[in-house]
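Input: a single structure, listed below in structure tokens.
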Amino acid sequence: MLVLAMAFSSWLISFYIHHPMVEGSVYSDIVSFWHREPRLQAGLIPCLQYFFEYPPASCLITYVSRMLGGGGLVGYYVVFSLLSLPAYIGIALTLKRFAGLTASLFVIAPSMVLYGVYNFDHFLSVFLIASLLAYTRGRIGVSAFFLGLGFSVKLFTVLLLPILLAEVNEWRRRLHVLFHFIAGALPFWLPVLLLNPRWLPDFLSFHASWGLENSWIIWLSNNPFSPSSKFLGFLTAAILVFRAYGASASYESKAFLVLSGFLIGSPTFTPQMVLWLIPLIAANTRLWLWLPLLEAANAGIILTWFATDSPIMPWTPPQTMSLLRAAALIGMWMTVYRAAPIGLNHRQV
């Protein structure tokens, strides 16, 4: 009951602080989508009838929220929030089974409250922790299936697929893993790719053109759209991710190294992306020392963003928070990496 109460409380606070009718409410991407997109208000289908910059399952969640919400902003927001509640409960219950009662209380972490009913990252987070739990129970196919579901919400669970493939030592079983990943992703992706093939190149072009956002690299270039800075970020991410792939560590530790390594280098590191890491941090007590700095800095980004004239530039409060967050995440990455010597993974099955 405590776990359910914590999950519900975290969700309820997030629902309230982002509610569009609450005076002084905290910014939410979900509300922003409504205000910027008249085609969403009109009931058109995102990803199919107009471009939406998120993968197909996120498009579906957005469309269902609009259609069940009755055509108004409040109804749309309430339905999205209600769809989010099972994700909160799933994160808490799965964390309890995966890492114990104390870990499950991370569902009330500041990032879960501030960035839960905000975007789609809490859905990715529940699929990620479900995948990890399935792996620890020896159900690698189910683990891959949940990664596929996560890939349909946001792409980044695909970064864990090479780790999962490396966990099996037979090509037949690797094909089994790939099949289950595709089975989780294909029901969402296939209709969009068939009915609106233009969406995928538009999606790739949109994200390729995005500038630096909440990345420490802005402090080196002072130019959010510097191509060389973006290249440096992706190079850093690639180095850290491939070092993680080569680490002789547990699957859970590798998952943290890969995702956090990607975020450290990524030119775009929006604060809601920290939700990917919450289950992995909760399961590793060595990382808890860094958690106050990570969470305070991550919360500070949105809390100072709209009080700043140029929040994407260095020497502003949001980017100072981003720099502190990067320092905490680098500390976490090094903590796990130092305990994981480089070499072949000996946990193959």
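Heads up: the sequence shown is residues 1 to 349, going by full-length UniProt numbering.
Even glycine gets a Cβ: it sits at the ideal position worked out from N, Cα and C.
To the nearest angstrom, report how far apart residue i and residue j are at their CA atoms.
| i | j | result |
| --- | --- | --- |
| PRO191 | TRP290 | 43 Å |
| GLY70 | SER229 | 44 Å |
| THR236 | LEU161 | 20 Å |
| PHE242 | VAL258 | 8 Å |
| SER81 | TRP34 | 14 Å |
| PRO279 | PRO292 | 15 Å |
| LEU194 | LEU114 | 36 Å |
| GLN49 | ALA208 | 22 Å |
| LEU60 | LEU175 | 28 Å |
| LEU2 | LEU133 | 20 Å |
| VAL349 | TRP11 | In this prediction, VAL349 has a pLDDT of 43, which is less than 50 and means its spatial position is unreliable; what the coordinates show is noted afterwards. Straight-line Cα distance between these residues: approximately 38 Å. |
| VAL74 | TYR16 | 12 Å |
| PRO86 | HIS122 | 10 Å |
| ALA92 | LYS254 | 22 Å |
| SER111 | TRP171 | 40 Å |
| LEU4 | ASN214 | 33 Å |
| MET6 | ILE108 | 6 Å |
| VAL31 | VAL168 | 43 Å |
| ILE217 | ILE45 | 36 Å |
Identify the continuous alpha helix (DSSP H) that holds residue i and give its terminal residues.
| i | result |
| --- | --- |
| CYS47 | Taken as a continuous stretch (DSSP letters only), CYS47 belongs to no alpha helix (DSSP H), as it is neither H nor E. |
| GLU295 | 291-305 |
| ILE239 | 227-245 |
| LEU4 | 2-18 |
| GLY211 | First-last for GLY211: undefined, no H or E at that position. |
| GLN272 | Run containing GLN272: none; DSSP gives neither H nor E here. |
| GLY148 | 140-153 |
| MET112 | 110-114 |
| PHE181 | 171-195 |
| ARG325 | 317-338 |
| ALA255 | 251-265 |
Is residue i near residue j, with beta carbons less than 8 Å apart?
| i | j | result |
| --- | --- | --- |
| PHE127 | VAL153 | yes |
| GLY150 | ALA183 | no |
| TYR281 | LEU275 | For the record, residue 281 in the displayed sequence is Ile; it is not Tyr. Going by C-beta atoms, ILE281 is not nearer than 8 Å to LEU275. |
| PRO201 | LEU212 | no |
| VAL177 | GLY138 | no |
| LEU294 | ARG338 | no |
| MET332 | SER260 | yes |
Our contact map puts residue i next to residue j with C-beta atoms below 8 Å; I'd like the distance itself, whole angstroms only.
| i | j | result |
| --- | --- | --- |
| ILE129 | TYR251 | That pair is no contact at about 13 Å. |
| SER28 | TYR118 | 5 Å |
| LEU95 | SER104 | 4 Å |
| SER310 | THR304 | With a Cβ gap of about 12 Å, SER310 and THR304 do not count as contacting. |
| PRO271 | PHE234 | The pair is not a contact, with the Cβ atoms about 20 Å apart (cut-off 8 Å). |
| PHE120 | SER131 | The pair is not a contact, with the Cβ atoms about 16 Å apart (cut-off 8 Å). |
| ILE264 | ILE330 | 6 Å |
| SER65 | TYR76 | 5 Å |
| TRP189 | PRO56 | 5 Å |
8 Å is my cut-off, CB to CB: does residue i come that close to chain D?
| i | result |
| --- | --- |
| ARG139 | Among the protein chains of the structure shown there is no chain D, as only one such chain exists. |
Can residue i be considered in contact with the ligand NAP, in the sense that its beta carbon sits closer than 7 Å to one or more heavy atoms?
| i | result |
| --- | --- |
| ALA92 | Only the bare structure without any ligand can be found here, which leaves the ligand NAP out of the picture. |
What are the uninterrupted segments assigned as alpha helix (DSSP H) that are 4 or more residues long and contained completely in the stretch 30-88, given in chain order? The DSSP assignment places 38-41 and 56-68 as complete runs of the alpha helix (DSSP H) inside the stretch 30-88, in order along the chain (cut-off: 4 residues).
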